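What follows is a set of notes on a single structure, which appears directly below.
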Amino acid sequence: MAKHTHSFQAEVKQILHLVTHSLYSNKEIFLRELVSNASDACDKLRFEALDNAALYEEQPNLEVRVSFDEAARTVTISDNGIGMSAEEAVAHLGTIAKSGTREFMAKLEGDQKKDANLIGQFGVGFYSGFIVADRITVESRRAGLPAEQGVRWSSEGTGDFEVETIVKPGRGTDVILHLREGEDEFLKTWRLKSIIGKYSDHISLPILMKKEEWDAEAAKQVLKDEWESVNKASALWARSKSEVTQEQYEEFYKQISYDTEAPLAYTHNRVEGRSEYTQLLYIPKKAPFDLWNRDKRGGVKLYVKRVFIMDDAEALMPVYLRFVKGVIDSADLPLNVSRELLQESRDVKAIREGSTKRVLSMLESLADSEDAAERAKYAEFWKDFGQVLKEGVGEDHQNQERLAKLLRFASTEADEGVSLADYLKRMKEGQEAIYYITADSLQAAKNSPQLEIFRKKGIEVLLLVDRVDEWMLSHLYEFEGKPLQSVAKGAVDLGKLQDEEEKKKAEAAAEDLKPLLDKLKDTLKARAKDVRVSTRLVDSPACIVVEEGDMSGHLTRLLKQAGQAAPTSLPTLEINAEHALVKKLESAGERFEDLAQVIFDQAVLAEGGSLEDPAAYVKRVNAMLLA
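Counting along the sequence shown from 1, when you hit position 582 you're at 1333 in our numbering, and nothing is skipped either side.
Spelled out as structure tokens, the structure:
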């Protein structure tokens, strides 16, 4: 077949431009990516051969070979994996099917120093070869196709690539990098070996290189026609914990997660019992860019008897732990397990439950540690992942109690890091509930009029300002026997914390102001379902509250922002009988309605709401200022 020239997809052109002009801070990652791709190709063959053993042809042993030619200035990465047909070479090497390319471009253009660790994250690892090569040739044949249906793909990494049919006796793929000037460091055995040892030691396939020995006659190192394995060729998670160093654990994490930093914590265990499996799970130090995408599959890879089955096996980890990275290797699942079967398998359910508990144990050991540095790690984790962990309170009822102990909040006592257990320790004698308020921001929560009586009495109130909090509270009703109670719902009942004199005073005020309350109810009937004397206000004239069971103003606003219909129930206005503005209402005369509307509008604003008619409010306030 004659050569055919094709154009790269537009997004590939952009990536190639960045790769060839920007990615210089960590050139060696090209070998990491290409060896990883070669290993994946072997895994895919092993998986497809479960149903068709003939795909192995005459080569049952899967392997990756790395070689170089000083004279030709080439580095070659070869595998005898699944290989590619001509159509697949055009599709896989000329386009990017995986979503996220734009995010990759934005990240790269924003900070090119982070370059190398991003490139594999978006399925564009092959193109990293152009960091060190000005031309790449790929020769491949898909397993099962005749030798005459091999394909050669070549490109200089500009706008086009060429494809032609070749005869290729062995299945698999050879990636030949024609090195740029100045990249001769990669034409050395020791250099390539050190890169493979650093990034690819965990790969369970043998990575082979030609043996090198000293030639006394030539007075230099020469390559022999004998291949040797340069990696341990055993899965890191399958080794005993005593055989693996912390550095190896961290390098493996970076390899599977494309993270630049070491993990915050990790756990490596072999579980035996009804289900047998090995788990190596990591908690990242920083949140990934797509953390808030709940449709994103999880970060756990599934192996069965060390045979790679699938990336991102979401059935192995609940959605609220989607940030967890790692590997689970099962001894019980069938080798041909599919995503559909995973959803129904009892063994998978046991693995999921066991892995969830293991992750929560890791977090508990950080949160409850006597070591201040470990607790600081948990505080760091909470800042990035706390909102996601809160999702679990409603999704994982089996572990709800454990999750509740891991929650951290701001409160009137501290701006962050308050646990529910901390709150219980500081509760006033006679206090029967855990009090909280939800708001759009920490400042709005702190300054809410509804906190005034609690501040006066020194009662701590949790300040909940995350969007997920309202949803979480619809599932979390109590903690260790103490109910969670909103300070903005219903009439405040402080029980034993409110003395008899205060109760009598509030009752007397309500009786004395009955005519005023009735007049306010009539004036505000379109905006408030009731008007009553408040027991929660100290300095403010009024506040907005909703009744128990009604939707809070904060949640109503969140629903509207999300474009969803919110139930329309009128709030209750509470007034402070001692406030000068309220006293002024009694003698307001014809200005009564304007003053009543202003007091109501101010209560709405103080609660974080927005006015339906801001212009009318401004007009009324201006008129009063000029009076």
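Where a beta carbon is used, it is the ideal one built from N, C-alpha and C, also for glycine. No experiment lies behind these values; they were computed from the predicted model shown.
I think residue 895 touches residue 806, with their Cβ atoms under 8 Å apart; what is that distance to the nearest whole Å?
Indeed, because the Cβ distance is near 5 Å, the residues count as touching under 8 Å.
Runs of 4 residues minimum, wholly inside the region 1086–1129: which ones carry the alpha helix (DSSP H) assignment?
The region 1086–1129 contains these whole alpha helix (DSSP H) runs: 1090–1095 and 1097–1118.
What does the alpha-carbon distance come out to for the pair residue 1129 and residue 981?
The alpha-carbon atoms of residue 1129 and residue 981 are separated by roughly 38 Å.
What does the alpha-carbon distance come out to for the pair residue 1163 and residue 956?
Taking the straight line from one Cα to the other gives about 57 Å.
So, with DSSP's three-state summary, where would you put residue 1177?
Of the three classes helix, strand and coil, the one that applies to residue 1177 here is helix, per DSSP.
Please state whether DSSP places residue 1234 in a helix, a strand or coil.
Here residue 1234 sits in strand by DSSP.
By the 10 Å Cβ neighbour count, where 16 or more other Cβ atoms means buried, how is residue 1085 classified, buried or exposed?
Burial call: exposed.
In angstroms with no decimal places, state the Cα-to-Cα distance between residue 1176 and residue 1028.
Near 40 Å, if we compare the C-alpha coordinates of residue 1028 and residue 1176.
Find the nearest neighbour of residue 1284 within the set 1363, 1000 and 1262, judged by alpha-carbon distance.
It is 1262.
Grab me the residues of residue 1197's own chain with a C-beta within less than 7 Å of its C-beta, minus the 5 sequence neighbours each way, in chain order.
So the qualifying residues of the chain are 1214.
Quick one: any contact between the region 913–920 and the region 945–963, if contact means 3 or more CB pairs under 8 Å?
Result no; under three Cβ-Cβ pairs closer than 8 Å.
Whole angstroms is fine: what's the gap from residue 1212's alpha carbon to residue 1173's?
Using only the alpha carbons, I get a separation of about 12 Å.
Would you identify the three-state DSSP class for residue 850, choosing helix, strand or coil?
Residue placement at residue 850 is flagged as unreliable, the pLDDT there being 37, under the threshold of 50; the coordinate-derived value follows with that caveat. Reduced to three states, the DSSP call for residue 850 is coil.
Enumerate in chain order the residues of its own chain whose CB-to-CB distance from residue 872 is below 6 Å, with the five nearest sequence positions on each side excluded.
Low confidence applies to residue 872: its pLDDT is 47, below 50, so where it sits in the model is not reliable, and the reading given next is rough at best. Closer than 6 Å at the Cβ level, and outside the excluded window around residue 872, lie 1009.
In angstroms, rounded to a whole number, what distance separates the CA positions of residue 1364 and residue 1370?
Going from the Cα of residue 1364 to the Cα of residue 1370 covers about 10 Å.
Would you decide whether residue 973 is buried or exposed? Buried here means 16 or more other CB atoms lie within 10 Å of its CB.
The residue is exposed, with fewer than 16 neighbouring Cβ atoms inside 10 Å.
Any beta-carbon of chain D closer than 8 Å to the one on residue 832?
This model lacks chain D altogether; it includes just one protein chain.
For residue 1234, does the count of other Cβ atoms within 10 angstroms reach 16, so buried, or fall short, so exposed?
Exposed: under 16 other Cβ atoms inside 10 Å.
Return the chain-ordered ranges of every beta strand (DSSP E) run that is complete within the region 997–1059 and spans a minimum of 3 residues.
Runs of the beta strand (DSSP E) inside the region 997–1059: 1016–1022, 1028–1034 and 1050–1055.
What's the gap between the Cα of residue 809 and the Cα of residue 1050?
Approximately 35 Å between the Cα atoms of the pair.
Mind checking residue 1068: buried by the 16 CB within 10 Å criterion, or exposed?
Residue 1068 comes out buried.
If we count the other Cβ atoms within 10 Å of its Cβ and call it buried at 16 or more, is residue 1199 buried or exposed?
Its Cβ being crowded by 16 or more others within 10 Å, residue 1199 is buried.
What residue does the alpha helix (DSSP H) around residue 797 start on, and which one ends it?
Residue 797 -> alpha helix (DSSP H) spans 780–799.
State the CB to CB distance for the pair residue 1104 and residue 1117, rounded to an integer number of angstroms; the pair is presumed to be in contact (CB under 8 Å).
Between residue 1117 and residue 1104 the Cβ distance is about 21 Å, and since that is not below 8 Å, they are no contact.
Name, in chain order, the residues that DSSP records as bridge partners for residue 960.
BP columns for residue 960 point to 979.
What's the gap between the Cα of residue 1355 and the Cα of residue 1349?
Residue 1355 and residue 1349: Cα-Cα distance of roughly 10 Å.
Within 10 angstroms of its Cβ, does residue 1149 collect 16 or more other Cβ (buried), or is it exposed?
Answer is exposed; the Cβ neighbour count stays below 16.
Indicate whether residue 1171 and residue 1156 have their beta-carbon atoms separated by less than 8 Å.
Cβ atoms of residue 1171 and residue 1156: closer than 8 Å.
What is the DSSP secondary structure of residue 817, counted as helix, strand or coil?
Strand.
With burial defined as no fewer than 16 other Cβ atoms inside 10 Å of the residue's Cβ, what is the status of residue 1097: buried or exposed?
By the neighbour-count rule (16 or more Cβ atoms within 10 Å), residue 1097 is not buried but exposed.
What three-state label does DSSP hand residue 1084 in the structure shown?
DSSP places residue 1084 in coil when its eight states are reduced to three.
Work out the CA separation of residue 936 and residue 960 for me, nearest whole Å.
Distance between the alpha carbons of residue 960 and residue 936: 16 Å.
Could you tell me the distance, in whole angstroms, from the CA atom of residue 1099 to the CA atom of residue 1066?
C-alpha separation (whole angstroms): 7 Å.
Let me know if residue 1006 comes out buried or exposed under the rule of 16 or more other beta-carbons within 10 Å of its beta-carbon.
When all chains shown are included, residue 1006 counts as buried.
Using C-beta distances below 7 Å, list every residue in its chain close to residue 1344, excluding the 5 sequence neighbours before and after it, in chain order.
1274.
For residue 987, which residues from the same chain have a beta carbon less than 8 Å from its beta carbon, with the 5 sequence-adjacent residues on both sides left out?
Cβ neighbours of residue 987 beyond the five flanking positions: 952, 953, 995, 999, 1000, 1003 and 1031.
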